[in-house]
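Undergrad: If you count by the numbering used here, then the sequence shown holds residues -17 to 247, one letter each, in order. Ideal Cβ positions, reconstructed from N, Cα and C, are used throughout, including at glycine. Attaching a single structure in structure tokens format; questions to follow.
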Amino acid sequence: MKIVAVANQKGGVGKTTTSVNLAACLAAMGRKILLVDLDPQGNATSALGVTETEEKSCYGPLLGASKFADNIIQTRFDNLSIVPADLDLAGVEIEVARLDDHLVRLRDTMAPIRKKAPFDYVILDCPPSLGILMTNALAAADIVLVPLQAEYFALEGLTRIMDVADQLRSVNPKLTVEGIVMTMVDNRTNLSQQVVAEVKTHFPQLIYKTVIPRSIRLGEAPSFGKPILEYDPSSLAAFAYTALAGEFIRRDAKVPEVAEEKAEK
Ligand code: ATP
Ligand code: MG
């Protein structure tokens, strides 16, 4: 079982869209997935149409008031469970900050799940600030996946999240930034192409070959409580997230690049 933090301190870059759709595509491929919504805004929760969230968020488990496993809800999709978010979660920033072991509360409350490993991947959708929830996610995760919007200053934001991951290694030495996913890429604009090329130059090993296009359908899907695979399975965006899930699995299995290129042909 691998715990994946989908993180970037910048807001609106596609963290939730990537968490939800990567989770849904991996589940559709038969992987057992748990999505954990760590953002009090609850966007990942509502994007999957989950509404029964009362006292089911990470709030109780993070404060030691309930068990993490008791808050896992099966979604209406096969292989896809969720620990939803609710507004209580906003209180964590203040209430957990007071506790001594505030950095490792999530890691500790998830320890029994890690041991039993009923999932292939646990995906943590992080909020956009460098607060308690995000640092807890990085302290609990094995790998970090960074969605990066193809726009000016993307690289500056990237350096920042890399630095944060470095700092977290004092409590989580094995944490690795596993990949960068370019989101909202508009191939008709030079800017998008330049940013993707620049990230490729600086981080050739980290950047995913699959890029997520800017897509109106992706923006619409959450308001229907559906991942793109259900909302518009024949869209380019559904194709892109399916490809991303495939690349994610191949990377995890460490299939060499050459084999991967052959597989694409
Ligand atoms: P936050 O920091 O607030 O949690 P986020 O990083 O999770 O934001 P999302 O919520 O995934 O970002 O995306 C921000 C907005 O952009 C949403 O309205 C979402 O529907 C839209 N969006 C995300 N990806 C795409 C895309 N590839 N094409 C078009 N719209 C997108
Ligand atoms: Mg989000």
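Are there any heavy atoms of the ligand ATP lying less than 7 angstroms away from the beta-carbon of residue 118, as far as the coordinates show?
TA: If you number the sequence shown from 1, residue 118 lands on position 136. Outside the cutoff, so no.
Undergrad: Using a Cβ-based criterion (distance less than 7 angstroms to any ligand heavy atom), does residue 183 qualify as near the ligand MG?
TA: Taking the first residue of the sequence shown as position 1, residue 183 is located at position 201. No, since every heavy atom of the ligand MG falls outside the 7 angstroms radius drawn around the Cβ of residue 183.
Undergrad: Is DSSP giving residue 243 helix, strand or coil here?
TA: For this step, residue 243 is matched to residue 261 along the sequence shown. Residue confidence is low: residue 243 scores 49 on pLDDT, short of 50, so the model does not pin down where it sits. Its coordinate-derived value is still stated next. Residue 243 falls in the helix class under three-state DSSP.
Undergrad: Taking residue 68 as the reference, which of 211, 23, 90 and 110 has the closest Cα?
TA: Reading the sequence shown from its first residue, position 86 is the one you call residue 68. Considering only alpha carbons, the answer is 23.
Undergrad: Would you please state the rounded distance, in angstroms, between the beta carbons of residue 226 and residue 192? I believe it to be under 8 angstroms.
TA: Along the sequence shown, read from residue 1 onward, the residue named residue 226 stands at position 244. Along the sequence shown, read from residue 1 onward, the residue named residue 192 stands at position 210. Residue 226 to residue 192, Cβ: 4 angstroms. Contact.
Undergrad: Have a look at 89, 31 and 196 and flag the residue whose alpha-carbon is nearest the alpha-carbon of residue 50.
TA: Numbered from 1 along the sequence shown, position 68 holds the residue referred to as residue 50. Closest option to residue 50, Cα to Cα, is 89.
Undergrad: Suppose contacts are defined by Cβ-Cβ distances below 8 angstroms. Is residue 71 in contact with residue 40 by that definition?
TA: As a working mapping, residue 71 is identified with position 89 in the sequence shown. As a working mapping, residue 40 is identified with position 58 in the sequence shown. Yes, these two residues count as a Cβ contact at 8 angstroms.
Undergrad: Which one of 156, 215, 127 and 117 has the shortest CA to CA distance from residue 233?
TA: In the sequence shown, residue 233 corresponds to position 251, counting from 1. Among 156, 215, 127 and 117, the Cα nearest to that of residue 233 is on 127.
Undergrad: Buried or exposed: where does residue 129 fall if 16 or more other Cβ atoms within 10 Å of its Cβ makes it buried?
TA: Translated into the one-based positions of the sequence shown, residue 129 becomes position 147. Buried is the call here.
Undergrad: Between which residues of its own chain and residue 63 is the CB-CB distance below 6 angstroms, once the five residues before and five after are set aside?
TA: The residue labelled residue 63 in the question sits at position 81 within the sequence shown. Closer than 6 angstroms at Cβ, skipping near neighbours: 16, 54 and 56.
Undergrad: With hydrogens ignored, establish whether the beta-carbon of residue 197 is closer than 7 angstroms to any heavy atom of the ligand ATP.
TA: What you label residue 197 is simply residue 215 of the sequence shown in a count that begins at 1. Flag set: Cβ of residue 197 near the ligand ATP.
Undergrad: Using a Cβ-Cβ cut-off of 8 angstroms (strictly less than) and excluding sequence neighbours within five positions of residue 246, which residues of its own chain qualify?
TA: Residue numbering aside, residue 246 sits at position 264 when the sequence shown is read from its first letter. Confidence in residue 246 is poor, its pLDDT being 49 and thus under 50, which makes the residue's placement unreliable; the coordinate value appears in the next sentence. If we look at residue 246 and ignore the five residues flanking it on each side, it has no Cβ neighbours.
Undergrad: Select from 43, 19 and 9 the residue whose C-alpha is nearest the C-alpha of residue -13.
TA: The residue given as residue -13 occupies position 5 in the sequence shown. That would be 19, whose Cα lies nearest to the Cα of residue -13.
Undergrad: In whole angstroms, what is the alpha-carbon distance linking residue 213 and residue 236?
TA: Within the sequence shown, numbered from 1, the residue matching residue 213 stands at position 231. Within the sequence shown, numbered from 1, the residue matching residue 236 stands at position 254. Cα to Cα, residue 213 sits roughly 31 angstroms from residue 236.
Undergrad: In this structure, how does DSSP classify residue 43 when only helix, strand and coil are distinguished?
TA: As a first step, residue 43 is located in the sequence shown; it is residue number 61 there, counting from the start. The answer is helix: DSSP assigns residue 43 an H, G or I state.
Undergrad: CB residue 174 to CB residue 132, shorter than 8 angstroms?
TA: Along the sequence shown, read from residue 1 onward, the residue named residue 174 stands at position 192. Along the sequence shown, read from residue 1 onward, the residue named residue 132 stands at position 150. Yes, the pair counts as a contact, with Cβ atoms nearer than the cut-off.
Undergrad: So which residues touch the region around the ligand MG, with touch meaning a C-beta under 7 angstroms from any heavy atom?
TA: Checking every Cβ against the heavy atoms of the ligand MG under 7 angstroms gives -3, -2, 21, 23, 25, 26, 107, 109 and 110.
Undergrad: Taking DSSP as the reference, what is the three-state secondary structure of residue 100?
TA: Taking the first residue of the sequence shown as 1, we reach residue 100 at position 118. DSSP places residue 100 in coil when its eight states are reduced to three.
Undergrad: Provide the residue span of the beta strand (DSSP E) that contains residue 161, from first to last.
TA: Walking along the sequence shown from the start, residue 161 turns up at place 179. Unbroken beta strand (DSSP E) run through residue 161: 158 to 165.
Undergrad: Excluding the five sequence neighbours on either side, which residues of its own chain have a C-beta within less than 7 angstroms of the C-beta of residue 177, listed in chain order?
TA: Working through the sequence shown from its first residue, we reach residue 177 at position 195. Hits under 7 angstroms: 132, 133 and 136.
Undergrad: On the premise that residue 163 lies in contact with residue -1, defined as a C-beta separation below 8 angstroms, what is that separation, rounded to the nearest angstrom?
TA: Here residue -1 refers to the residue found at position 17 when the sequence shown is read from its first residue. Here residue 163 refers to the residue found at position 181 when the sequence shown is read from its first residue. The Cβ separation is near 10 angstroms, so there is no contact.
Undergrad: Taking DSSP as the reference, what is the three-state secondary structure of residue 19?
TA: In the sequence shown, the residue the question calls residue 19 occupies position 37. Three-state result, residue 19: strand.
Undergrad: Which two residues bound the contiguous alpha helix (DSSP H) that contains residue 146?
TA: Position 164 of the sequence shown, counting from 1, holds the residue named residue 146. Taken as a continuous stretch (DSSP letters only), the alpha helix (DSSP H) holding residue 146 covers 136 to 150.
Undergrad: Can you tell me the Cβ-Cβ gap for residue 231 and residue 124, rounded? I've got them flagged as a contact below 8 angstroms.
TA: The residue you call residue 231 lines up with position 249 of the sequence shown. The residue you call residue 124 lines up with position 142 of the sequence shown. Not confirmed; about 15 angstroms, so no contact.
Undergrad: Does DSSP put residue 216 in a helix, a strand or coil?
TA: Start at 1 with the first residue of the sequence shown, and residue 216 comes out as number 234. Three-state result, residue 216: coil.
Undergrad: With 16 as the cutoff for other CB atoms within 10 Å, does residue 241 come out buried or exposed?
TA: Within the sequence shown, numbered from 1, the residue matching residue 241 stands at position 259. Bear in mind that a pLDDT of 49 at residue 241, under 50, signals an unreliable position, so the number given afterwards is only what the model happens to contain. Under this definition residue 241 is an exposed residue.
Undergrad: Considering only their Cβ atoms, is the gap separating residue 167 from residue 189 smaller than 8 angstroms?
TA: Position 207 of the sequence shown holds residue 189. Position 185 of the sequence shown holds residue 167. No, Cβ-Cβ distance for residue 189 and residue 167 is not below 8 angstroms.
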